[in-house]
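In the order they appear, the protein sequences are chains G and W. First residue of the first sequence: -10, per this note's numbering; consecutive thereafter. First residue of the second sequence: 2, per this note's numbering; consecutive thereafter. Please read the structure below before turning to the comments.
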Amino acid sequence: MQRKIVLEARDLTRKVNSPEGELTIVSDVSLQIGSGETVALVGASGAGKSTLLAMLAGLDTPSTGQVWLDGQELTRIDEDARAALRANRVGFVFQAFHLVPSLTALENVMLPLELSGRGDAAQTARAMLARVGLAERVGHYPRQLSGGEQQRVALARASVTRPAVLFADEPTGNLDTTTGESICQLLFELNREAGTTLLLVTHNPQLASRCERRLTMSAGSLV
Amino acid sequence: MRTALTLGLKTLAREWRSGDLAVLFLALFVAVAALSGVGFVVDRIDRAMRLQASEVLAADLRLVSPDVIGPQYAEQAARRDLESARVASLLSVVLKGELTQLANVHAVAEGYPLRGNVRVAEQAFGAPLLVRAVPAAGEIWPDSRLLAALDARVGDTLSVGEITLRVTRVLIARPDQGSGFVDLAPSLLINDADLVATGLIQPGSRVRYAALFAGSQRDVAEFSTWLDANKAPAERLSDIAEASPEVDSASVRAGRFLLLASLAGVLLCAVAIAMTARRYVKRHLDLAALLKTLGASQAMVLAIALTQLVCIATVATVAGAAMGFVAQQGLLSLLQGMVAADLPPPGWQPAVMGLATALLLLTGFALPPLLQLARVPAIRVLRRDIGPPRLGTVLAYGPAVLAIALLIQWVTGDVVLSLGFVAGLALALGALALAGWLLVVVAGRVRGGMGAAWRYGFANLARRRAESIVQIVALGLGLSALLLLTIIRGDLIDDWRARLPQDAPNFFFVNIPSAEREQFRSLLAAQGGDMTRLLPMIRGRMVEINGEPVADRRFLSPRGEGLASREQNLTWSAEIGPDNTVTEGSWFSAEEHGQPLVSVATEMQESIPLVLGDKLTFDIAGEIVEASVSSFRRVQWDSLQPNFFLMFPPGLLDGAAGTWMGSARFRPTEPAEVAELVRQFPGVSIFDMDDLLAQVRSIIDKAVVAVQGVFLSTLLAGVVVLLAAVQATRDERRYESAMLRTLGASRRTVLVGVLVEFAAVGVMAGVVAAAAASTGAYFIARFMLEIPYRPDPLLWISGALTGALLVCVAGWLATRTALTQPPMQTLRQG
């Protein structure tokens, strides 16, 4: 069955100015990702993976080219419209977890629900934390949680709004092998349950191998 | 927007629980407590000074007129909750049997005086007692000189016009007796009800009427405006400067010092707010980027931050104002016995002003960084090196400059003064920023040749370039304000004390006949008196200026016309007194004695106007004398010594018939000694200035204590604010210190490194602050307070040391937990 295209990039290029002159970090990348698909973006450090992910998620804008996310052309809308789209259709998991240190686990998970103005945020967030195995840790602050637990909270936060696309940037990069494996397991389970499209950037071959498709980047281009 | 507000409040509550906002709250709280604490002290002392100064008018407002003042003003005053009273004064002969004496009759109504007290005694020149009443109808309170001249005592009767009144008390002092020596004749008080019966009020009699009003400062100010618009042309409002220049100059200078202290408070508050707003934004950059990643719009990020900041600011400022109130009570109770007993109760204005100032400063200083916070790109979640885009210069600094300028204008109420302060502030900021830049450049270059700890300290300075410069600017500004107050306070107090030494002359003698002056001096000396100045005095009128009749001349101002055309007291002297300074030309040399020359006071020079070499012609008892202006003198009129607008060299007017006037230090051991002088020289008018001196000394003493009190409270507040400001930069240092310790650095190495960094910042800020404060003090002393400025080279050293010490203590406080607790704990806390 033909999948609906949920994420598409056409001729994406990102250039930056540096003391050595203009650098091209991403060059002429085009791709299409279908709804519910799981895709791994791999490549050496400095290949441009994170920059491509940032442009596909609307966190950064390309120098040239176009991006469509869930039918919306990201490159034609302003920052606030992109933020609104992220609030409703996109989830993120980062290598450094990026939890808000002054908020408890529950409050961190409630945050995207509150930002998009949804009611029953506490109840939904509590259920999501229970789903990731942290029902007993809802009142803990990030500094009171282990790395694995923090990433579980981050996974719960990314999934709680049932996004169309989940972007993960090295989600196991800060974790030991065993913890990384369990996080990886959880990530794919949540993805399957919600039918979310997953695009993850990783160096981890095992993690990449669990995805349906693998895109490899080298020197800013897909190979 | 509702979501943003709700979310702002929710995140505020959550962040508050986590303790992350405590530093921001504390800095704002301390700043507002300091500002309003100083504000309360300034306000109470200022009102006490005004009240005391009002005593020389015997009221807050005094309307004077040559005609009867109608009841409409008193009615209007009563409607505005003001008290009022009446005084009518005229010259009349008082009789006791065959003896007569010209006297100033003051008919006073119930309620007089509205400010200050009347002092009376049971015998002439006796020990004074305060009374809270006026003479009853049928009574008369003559002063000691009048009693002595009439050889009368308490119980006798005296005739004034057509009635006879019984002496029930001796008048020693009235609050509004003034110091202008206008009232050369002795004085007496009678009841207003007896005035008509005296028959002295006739068409053409020269009566001076005064209506007195007193009440709250606001009511008085409103009534004064109303009165100014509704009074008759012949009626005028009398002010303190006219009634007593000594009291006026002391209160004006003290008031200006208090104003400076308020400005210092505002600057300190600005420093604290600028530093904490910076810290708030730095701490929230990652959160803002994350919120945007999770879908928050720019407006929502801004609204969340604004909600947080406004809530914190509101609570911190209200709590700070309350703390300021408590602190001022504590401070003033420390000064009890000197000033607190007489202070009016605290008003609510300083609290409101503290709140408004803090909120205005917060808006000016926090808005630009908050706008930056809202514009931080979401990509920062992936690349932490990406910060918010830079704001344009106008947007980045404009609101802060505007807020400060508005506050300075609000405090000073004078556009020229405000522009001067803003310009001075801009120069000081520029110098501090330049010094900061130099320090980081030098630190970057010299660190190579040092030990590990020193290298770490200097490396930090160079690496945190922007932070180091901001810290030097903020600390330097705070220190400048404190050092400036230190210098000005010292100069002001020295000047006050020099103007009115303990051995200032306390007796004045006028109308000493030329032929009897040596006898008079001998009798005075025999009684222990010491004549400090004795000058001849003749009456004369200026008739021509450069050959042009004064009557035909057009003057620039009514004052100039008045000074040129009125009959003048003239004198001659070989010596210029220490209270006179030649501003142009030169004082008479020995060769010039007998030459047709004249030295003119600067008031006359400016208001007529005159230049050196102008020829002035005088009519002195029918004889015409022409003299060239050979010098101009600045006269210190509040020196309590005889002084003249016009002075001639000896040998020119010596033949003219005149009298002598003198001042003396005289402490009669018993009233009879003064009575003896009066008896032997009945024509000499004797003025006992002790009461006036006591009044001026009391005001100056209060002003000194006020200045000290306000200075100390500002200093204390300043130190606390600066400590809080340094605390606001502690996070990064704590983290680095823990990191260094993890890498094996000893506690000593880390501590020395931190102290080197802080000491360098403190010394640099202190030195530039000393330079800025010295320059500022010069201009303020010269042009605002009109007192001499003495440069103090030690200030540079003390400024640098104070800066270093203050910042080191603050730095140590900020990093000590990172030095004592295990590094892992600090690193985990982030």
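In this text, a Cβ means the ideal position worked out from N, Cα and C, and glycines have one as well. Only a predicted model underlies this, so the values are computations on that prediction, with no experimental measurement involved.
Partners in chain W for residue i, counting only beta-carbon separations shorter than 7 Å
i, result
"V89 of chain G", "L288, L291"
"P101 of chain G", "L295, G296"
Buried or exposed (CB count within 10 angstroms, at least 16 for buried), residue i
i, result
"T743 of chain W", "exposed"
"P550 of chain W", "exposed"
"E236 of chain W", "buried"
"R464 of chain W", "exposed"
"R735 of chain W", "buried"
"F784 of chain W", "exposed"
"T584 of chain W", "exposed"
"Q195 of chain G", "exposed"
"W349 of chain W", "exposed"
"N105 of chain W", "buried"
"G812 of chain W", "buried"
"F30 of chain W", "buried"
"T660 of chain W", "buried"
"A124 of chain G", "exposed"
"V42 of chain W", "buried"
"E159 of chain G", "buried"
"Q606 of chain W", "buried"
Sequence-distant residues of the same chain with beta carbon closer than 6 Å to residue i, five excluded per side
i, result
"L95 of chain G", "A114, V127"
"L12 of chain G", "V5"
"R466 of chain W", "V441"
"A575 of chain W", "P651"
"Y457 of chain W", "G754"
Sequence-distant residues of the same chain with beta carbon closer than 8 Å to residue i, five excluded per side
i, result
"V447 of chain W", "F459"
"P597 of chain W", "V626, E627, A628, S629, L653"
"P772 of chain W", "Reading off the sequence, residue 772 of chain W comes out as Ala, not Pro. Answer for A772 of chain W: A432, W797, listed in chain order."
"D0 of chain G", "D17, V18, S19, T53, G54, Q55"
"L316 of chain W", "Checking the displayed sequence, the identity of residue 316 of chain W turns out to be Val instead of Leu. Only F26 meet the Cβ criterion."
"A342 of chain W", "The predicted model places A342 of chain W with a pLDDT of 47, which falls under 50 and marks its position as unreliable; any figure quoted below should be read in that light. There are no such residues."
"P129 of chain W", "R120, V121, A122, I173, A174, D692"
"L100 of chain G", "V89, L92, R146"
Cβ-Cβ separation, residue j to residue i (assumed contact under 8 Å), whole Å
i, j, result
"A125 of chain W", "A676 of chain W", "6 Å"
"L159 of chain W", "P143 of chain W", "7 Å"
"V171 of chain W", "G127 of chain W", "6 Å"
"V769 of chain W", "A436 of chain W", "4 Å"
"F326 of chain W", "A289 of chain W", "In fact, because the Cβ distance is near 37 Å, the residues do not count as touching under 8 Å."
"R45 of chain G", "L188 of chain G", "Checking the displayed sequence, the identity of residue 45 of chain G turns out to be Leu instead of Arg. Yes, L45 of chain G and L188 of chain G are in contact; Cβ-Cβ is about 7 Å, under 8 Å."
"G541 of chain W", "I621 of chain W", "4 Å"
"T150 of chain G", "V(-5) of chain G", "Not a contact, Cβ separation roughly 15 Å."
Residue i: contacting residues in chain G (beta-carbon distance under 9 Å)
i, result
"L10 of chain W", "Within chain G, no residue comes near L10 of chain W; the closest Cβ sits about 11 Å away, beyond 9 Å."
"T4 of chain W", "E103, L104, S105, G106"
Contact set between residue i and chain W, taken where Cβ atoms lie within less than 8 Å
i, result
"A224 of chain G", "Residue 224 of chain G is absent from the structure shown; chain G starts at -10 and stops at 212."
"R213 of chain G", "Not covered by the structure: residue 213 of chain G. The range shown for chain G is -10 to 212."
"A76 of chain G", "L295, G296, A297"
Cβ shell of residue i (< 7 Å), same chain only, five flanking positions each side left out
i, result
"L360 of chain W", "A314, T318"
"V69 of chain W", "Y210"
Proximal chain G residues relative to residue i, where beta-carbon distance stays under 8 Å
i, result
"T743 of chain W", "Within 8 Å Cβ-Cβ: nothing; T743 of chain W doesn't reach chain G, min ~17 Å."
Beta carbon proximity, residue i to chain A, threshold 8 Å
i, result
"F81 of chain G", "Going by chain labels, chain A is absent from the structure shown, which instead holds the protein chains G and W."
Residue i beta carbon near the ligand MN (any heavy atom closer than 7 Å)
i, result
"E758 of chain W", "Within the structure as shown, the ligand MN is missing, as the structure has no ligands at all."
Chain-ordered neighbours of residue i on chain W, where CB pairs are closer than 9 Å
i, result
"A73 of chain G", "G296, S298"
Note down, in chain order, all residues in the stretch 370 to 382 of chain W with a beta-carbon under 7 Å from any beta-carbon belonging to chain G. Answer set for the stretch 370 to 382 of chain W: A379, I380, V382.
Please list, in chain order, the residues of the stretch 18 to 52 of chain G that have any C-beta partner in chain W closer than 7 Å. Against chain W - using a Cβ distance shorter than 7 Å - the residues of the stretch 18 to 52 of chain G are S39, A43, L48, D49.
Please list, in chain order, the residues of the stretch 400 to 424 of chain W that have any C-beta partner in chain G closer than 9 Å. In summary, no residue of the stretch 400 to 424 of chain W has a CB separated from any CB of chain G by less than 9 Å.
May I ask you to list, following chain order, the residues of the stretch 91 to 121 of chain G that have a beta carbon less than 9 Å from some beta carbon of chain W? The stretch 91 to 121 of chain G vs chain W, Cβ under 9 Å: S91, L92, T93, E96, M99, L100, P101, E103, L104, S105, G106.
Between the stretch 298 to 322 of chain W and chain G, which residues of the former have CB atoms less than 8 Å from a CB of the latter, in chain order? Cβ contacts with chain G come from S298, Q299, A300, M301.
Could you run through the stretch 143 to 167 of chain G and flag, in chain order, every residue whose CB is less than 7 Å away from some CB of chain W? Close to chain W, meaning a Cβ-Cβ distance shorter than 7 Å, are the following residues of the stretch 143 to 167 of chain G: D158.
Please name the residues in the stretch 57 to 69 of chain G whose beta-carbon is closer than 9 Å to at least one beta-carbon of chain W, in chain order. Cβ contacts with chain W come from E68, D69.
Could you name the residues of the stretch -1 to 17 of chain G whose beta carbon sits closer than 9 Å to any beta carbon of chain W, in the order they occur along the chain? Within the stretch -1 to 17 of chain G, no residue qualifies.
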